[in-house]
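See structure below.
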Amino acid sequence: MKKLAISLMLSLGLVAGAEAGDAAAGKKIAAACGACHGADGNSAAPTFPKIAGLGEKYLLKQLKDFKSGARNNAIMAGQVAALSQGQMSDLAAYFANQKRSVGYAAKDKVAGGEKVYRAGNQATGVPACLACHGADGNGMSAAGFPALGGQHTDYIKAQLMAFQTDARANDANEVMRDIAKKMSNKEIDEVAAYIQGLH
75 MKKLAISLML SLGLVAGAEA GDAAAGKKIA AACGACHGAD GNSAAPTFPK IAGLGEKYLL
135 KQLKDFKSGA RNNAIMAGQV AALSQGQMSD LAAYFANQKR SVGYAAKDKV AGGEKVYRAG
195 NQATGVPACL ACHGADGNGM SAAGFPALGG QHTDYIKAQL MAFQTDARAN DANEVMRDIA
255 KKMSNKEIDE VAAYIQGLH
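Residues 75 to 273 in the working numbering are what the sequence shown lists, from first letter to last.
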């Protein structure tokens, strides 16, 4: 919990220095993104994330991390290699301003997923997801915490597993890695399903 509070304070402290992008300029260069993420950022493929409405600060950080190698993904590294800082800011602004489509949660996983999302697991030290990602999954854009509501189950599950195994390591102060490592595979499966239907 201490790391979470520190991460939140650090994230909020960086807001003032963040460069705002131009959404109209971002739309002009977003066509290449549409092949995987959809023209408006609502991917139809469950393994590719919906990037619509994720939050400008979060999106820009991910683009920068793909470019620097802090977040390892060969496809995305190739996509961002030639982008300038300004172009990444513009893309982040464009996709942050798109509305995310809503999904549906698997009925048999709603109760377990909702419990983890809203209350966490005190016995194992898993905090409630809503603390950073909001009660309705809208995230905290200014702090750089992404909106998750409506995101594909498969993608959420893959990212939690990646944090759990350190395959993904671009989270501030290892907050998501610490949380994922305390989660059981059943909790990951259920909360990922619950998030898909959250809105």
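C-beta: ideal position from N, C-alpha, C; glycine also.
Taking 9 Å as the CB-CB limit, is residue i close to chain B?
i, result
"residue 201", "Among the protein chains of the structure shown there is no chain B, as only one such chain exists."
Helix or strand or just coil, what does DSSP make of residue i?
i, result
"residue 259", "helix"
"residue 80", "Unreliable placement is indicated for residue 80, whose pLDDT of 43 sits below 50; no coordinate value is reported for it."
"residue 171", "coil"
"residue 176", "coil"
"residue 244", "coil"
"residue 271", "coil"
Residues in its own chain within less than 6 Å of residue i by CB, not counting five upstream and five downstream?
i, result
"residue 212", "221"
Taking the continuous alpha helix (DSSP H) assigned at residue i, which residues delimit it?
i, result
"residue 275", "Because the chain spans 75 through 273 in this model, residue 275 falls outside it and cannot be assessed."
"residue 226", "No alpha helix (DSSP H) holds residue 226; DSSP gives it neither H nor E."
"residue 186", "184-193"
Excluding the 5 residues preceding and the 5 following residue i in the sequence, name in chain order all residues of the same chain whose CB lies nearer than 8 Å to its CB.
i, result
"residue 155", "141"
"residue 177", "224, 225, 226, 227, 270 and 271"
"residue 209", "192"
Excluding five sequence neighbours on each side, which residues of the same chain lie with their C-beta closer than 7 Å to the C-beta of residue i?
i, result
"residue 235", "262"
Open item on the list: Within 8 Å, do at least three Cβ pairs link the stretch 113-130 to the stretch 215-228?
Closed with: yes
TODO: Please specify which runs of the alpha helix (DSSP H), each continuous and at least 4 residues long, are wholly inside the stretch 96-161, giving them in chain order.
DONE: 97-102, 105-111, 130-142 and 148-154
Open item on the list: Tell me whether the stretch 226-244 and the stretch 139-148 touch, counting them as touching only if at least three CB pairs, one residue from each stretch, are closer than 8 Å.
Closed with: yes
TODO: Evaluate contact between the stretch 98-106 and the stretch 192-200, counting only Cβ atoms and requiring at least three cross-stretch pairs below 8 Å.
DONE: no
Open item on the list: When you compare the stretch 153-170 with the stretch 107-116, are there three or more beta-carbon pairs, one atom per stretch, that lie closer than 8 Å?
Closed with: yes
Open item on the list: For the structure I just gave you, are there three or more beta carbon pairs, one from the stretch 245-256 and one from the stretch 156-166, closer than 8 Å?
Closed with: no
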